[in-house]
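Accompanying notes for the structure given below.
Residue numbers (the UniProt record's numbering): 1 to 95.
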C-alpha cells in the first residue's frame with residue numbers, strides 16, 4: 001500500500017483544519033458514512049500524533065498517515081488524496 005497527497009489537497013487540509021508545520025492528520029476507519037469501499041464503513045480524519053503508522057506521507061510540513069489498525073480497509077490498494085478545484089473539496093482515490 002502506498003499513500004500520496006497532492007500539494008493543493010494538503011493546502012486544503014491546512015486551511016480547513018488550521019494546521020501548522022509539524023502537525024499530523026490521521027485517516028481512520030469509522031462505522032457508517034458514505035462513499036466507502038467497504039460496505040458500512042468510511043474514512044474519517046483527526047488531528048492526532050501517530051502511534052503505529054502503516055503508511056505516511058508529508059506535504060507542506062504536515063504528516064498525513066494511516067495507522068496499522070486501519071490498513072485492512074484498503075485491502076492492499078493505494079490511497080491517493082487529491083483536490084477537486086471545481087468543488088473546493090478533497091477526493092480520495094483508492095486503487
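C-beta: ideal position from N, C-alpha, C; glycine also.
Use the C-beta contact count for residue 70: other C-beta atoms within 10 angstroms, 16 or more gives buried, fewer gives exposed. Taking the first residue of the chain shown as 1, we reach residue 70 at position 70. Buried: at least 16 other Cβ atoms inside 10 Å.
Kindly indicate which residue of 28, 73, 20 and 61 has the alpha-carbon position closest to the one of residue 51. Position 51 of the chain shown, counting from 1, holds the residue named residue 51. Of the candidates 28, 73, 20 and 61, the one whose C-alpha sits nearest the C-alpha of residue 51 is 28.
Does DSSP put residue 21 in a helix, a strand or coil? The residue labelled residue 21 in the question sits at position 21 within the chain shown. It is coil, neither helix nor strand.
Buried or exposed: which applies to residue 12, given that a residue is buried once 16 or more other Cβ atoms fall within 10 Å of its Cβ? Walking along the chain shown from the start, residue 12 turns up at place 12. Counting Cβ neighbours within 10 Å, residue 12 comes out buried, since at least 16 surround it.
Would you tell me roughly how many angstroms separate the C-alpha atoms of residue 44 and residue 86, rounded to the nearest one? Reading the chain shown from its first residue, position 44 is the one you call residue 44. Reading the chain shown from its first residue, position 86 is the one you call residue 86. So the two alpha carbons sit approximately 22 Å from each other.
If you draw a straight line from the C-alpha of residue 63 to the C-alpha of residue 32, how long is it? Looking up residue 63 in the chain shown gives position 63. Looking up residue 32 in the chain shown gives position 32. The alpha-carbon atoms of residue 63 and residue 32 are separated by roughly 26 Å.
Taking the alpha-carbon positions, what's the residue 178 to residue 81 distance? Residue 178 lies beyond the range of the chain shown here (1 to 95); nothing can be said about it.
Determine the direct distance from the alpha carbon of residue 41 to that of residue 57, and round the result to whole angstroms. Sequence index remark: in the chain shown, residue 57 carries index 57 (1-based). Sequence index remark: in the chain shown, residue 41 carries index 41 (1-based). If I take the Cα positions, the gap works out to 23 Å.
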